[in-house]
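In full-length UniProt numbering, the protein residues as written are 1 to 203. Following: one structure in structure tokens, then a few remarks.
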Amino acid sequence: MPSDIASNQEGAALLEAALVLPVLLLLVFGLTDVSLYFWTKSLALKAVQLGARRAILSDAVAVGPGLDPAESATYWYGLPPGARCFPPPGQRTLCPTFQVRCDFEAGCHCTGDACRFRFVARRLGPILSAMQAVMPDLRPENLQITYTTNGFGYVARPVPVQVDVRVSLVGLHYKPLFLGELWGDTLPITASAGVPGEDLLTR
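This is the structure in structure tokens:
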């Protein structure tokens, strides 16, 4: 009789283990995937911060009036030199405004007054290199860079004009190691960081 009780207890323990173990493994692997996903997102945020800081000091990947001296001869045409680009409220804005967004796949798209920009892919190199310090697998097609006039500066100020620069990640995904069937094949990784109006270098 005692041996029957012992064997029954062992069987119950095995049954309980068989029921609990899959749930436990699911939790462990799930937490591992979640941790790796958020770690990757953290790296992505650091990467765009480094990229934005490098982009504000590099030649703009968008070439056109306001960002490139060779094409800006008429950018200030007819405007009074020395006037503030963005005067106090109620007065007319003098300087042209633009927002140009560039990426490797689509080139440059712009809205505003001075929108004749083309994309120079080779200028992505220094920005991409800075970002690859923390995310080595980044590719040029994962970068999107936006230049937006920010209201600083004066008429006839030498180009490049004062802009805010924003670097974003596009088309980047995390592939779960364990729970792909549950979460889907990939999870999107998005990150964006901007740096306000310093001088872009032109060489």
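Quick reminder that beta carbons are idealized off the backbone N, C-alpha and C, glycines included. What you are looking at is a predicted structure, and each value in this text was computed from that prediction instead of being measured.
- Runs of alpha helix (DSSP H) with 4 or more residues, each lying fully within the region 80-106, are absent.
- Runs of the alpha helix (DSSP H) spanning 4 or more residues and lying entirely within the region 141-194 occur at 180-183, in chain order.
- For residue 119, the three-state secondary structure derived from DSSP is strand.
- In chain order, 69 place their CB closer than 8 angstroms to the CB of residue 158, counting only its own chain and leaving out the 5 sequence neighbours on each side.
- A straight-line Cα-Cα distance of about 21 angstroms links residue 18 and residue 31.
- Within the same chain, 62, 63, 64, 107, 108 come within 8 angstroms of residue 118 by CB-CB distance, once the 5 residues on both sides are set aside.
- A direct Cα-to-Cα measurement between residue 166 and residue 42 gives close to 17 angstroms.
- Contact fails between the region 71-83 and the region 126-140, because fewer than three Cβ pairs, one in each stretch, are under 8 angstroms apart.
- Here the C-alpha atom of residue 155 lies approximately 13 angstroms from the C-alpha atom of residue 73.
- Separation of the CB atoms of residue 104 and residue 121 is rounded to 6 angstroms, and the pair is thereby assigned contact status at 8 angstroms.
- The Cβ atoms of residue 24 and residue 160 lie no closer than 7 angstroms to each other.
- Taking C-beta atoms as the reference points, residue 178 and residue 33 count as a pair closer than 7 angstroms.
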